[in-house]
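A.B. asks: Here's a structure for you.
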């Protein structure tokens, strides 16, 4: 096994030419399709379920944001839903689709359904290992030319991700850390006056360590799903502002997070990276390339974490089953968390 987990924890930019030439072999072998999902064994799932005290109430939490027409997304990814009616015409200024204006049969059958134009890479989504590459080289290494097909990718699409994921989830409340410490330089406010991390804020290794200490979180283990709470999804109703920035980690932090081989790295912003030009320089989100290609880790972006934070839940059972679509490089099938609440929760 090639071991990238001992990489130096720094901001050193990788050798782009070498990576494109195939320098980053998969840590799980050349034919690997699972990446760090391999770390979620039945034994790991059993340990995760041990977080729950089944003699007490178990609460479930949505981790998927609610989609709506015009949902803000990078690269203007579309989301538009229209109602289709069969059996009557509502008249007026209805802008949906009337497939049939009268009922069918003597029982006057009518029905309603929706028509959706979208991508799986919108909202609360998990990105596949092929989401980002270096030039024409992707995880494995695999050739972009060999992967590309009219309908999607020929390998590593969502049906190949293995069984549904059930593992331990850990939430690092970086926003709560900054609010509690009075670090106003790290914060900005929504139109409604709620705090979020600043749009150019870089979540540092030191932030993560301080959040872990403040929350008394257990040590990370292989196969965990690790999430960073920034509050950025509070800006979903301010689309232009939401897309103008993105707090998150950079190379040093991603190397630090990756060293324990998490199944997922997640965030409640639209991308698992700071979008600060001052931090990235001329590069374009190289952390994506590092996480997918070097470590074989999927990213969970735009996840709904606020309800967990409000309930005082920072360790939980994380469950996710992707939408199984041939050729798909992402899935926005929502995940859920299960947890007991503390006495005051």
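In our numbering, the protein residues as written are 13 to 357. We treat Cβ as the ideally placed atom computed from N, Cα and C, and that holds for glycine. Remember, it's a predicted structure, so these values are computed and weren't measured experimentally.
Just reading off the alpha helix (DSSP H) that residue 385 is part of, what are its end residues?
C.D. replies: Outside the displayed range of the chain (13 to 357) lies residue 385, so it cannot be described from this structure.
A.B. asks: Enumerate, from N- to C-terminal direction, the unbroken beta strand (DSSP E) stretches of 3 or more residues contained entirely within the stretch 97-162.
C.D. replies: Whole beta strand (DSSP E) segments, 3+ residues: 109-112, 123-129, 137-139.
A.B. asks: State buried or exposed for residue 165, treating a residue as buried only when at least 16 other CB atoms are found within 10 Å of its CB.
C.D. replies: Buried, by the Cβ-count rule.
A.B. asks: Can you tell me which residues form a DSSP beta bridge with residue 184?
C.D. replies: Beta-bridge pairing links residue 184 to 240.
A.B. asks: If we ignore side chains and look at the alpha-carbon of each, how far apart do residue 196 and residue 55 end up?
C.D. replies: The alpha-carbon atoms of residue 196 and residue 55 are separated by roughly 43 Å.
A.B. asks: For residue 285, which residues of its own chain have a beta-carbon under 6 Å away from its beta-carbon, when the five flanking residues on both sides are left out?
C.D. replies: Contacts found: 260, 297, 299.
A.B. asks: Determine, for residue 170, whether the minimum Cβ-Cβ distance to residues of chain D falls below 8 Å.
C.D. replies: Reference to chain D is not applicable here, since this structure consists of a single protein chain.
A.B. asks: Measuring only the C-alpha atoms, how far is residue 183 from residue 241?
C.D. replies: So the two alpha carbons sit approximately 7 Å from each other.
A.B. asks: Evaluate residue 16 with the Cβ neighbour count: other Cβ atoms within 10 Å of its Cβ, from every protein chain shown; 16 or more gives buried, anything less gives exposed.
C.D. replies: By the neighbour-count rule (16 or more Cβ atoms within 10 Å), residue 16 is buried.
A.B. asks: Quick check on residue 93: does DSSP put it in helix, strand or coil?
C.D. replies: The answer is strand: DSSP assigns residue 93 an E or B state.
A.B. asks: Kindly list the residues whose CB is nearer than 7 Å to the CB of residue 65, restricted to its own chain and excluding five residues on each side of it in sequence; keep chain order.
C.D. replies: 352, listed in sequence order.
A.B. asks: For residue 68, count neighbouring C-beta atoms within 10 Å of its own C-beta (all shown protein chains included) and say buried if the count is 16 or more, exposed if not.
C.D. replies: That one is exposed.
A.B. asks: For residue 307 and residue 270, I'd like the C-alpha separation in whole angstroms.
C.D. replies: Those two C-alpha atoms are separated by around 7 Å.
A.B. asks: Just checking, does the stretch 318-328 make contact with the stretch 336-354 on the three C-beta pairs under 8 Å criterion?
C.D. replies: Judged by Cβ distances under 8 Å, the stretch 318-328 makes contact with the stretch 336-354, as three or more pairs qualify.
A.B. asks: On a Cα-Cα basis, can you pick out the residue from 329, 177, 210 that is closest to residue 198?
C.D. replies: Ranking 329, 177, 210 by Cα distance to residue 198 puts 210 first.
A.B. asks: DSSP on residue 50, reduced to helix/strand/coil?
C.D. replies: Correct three-state label for residue 50: helix.
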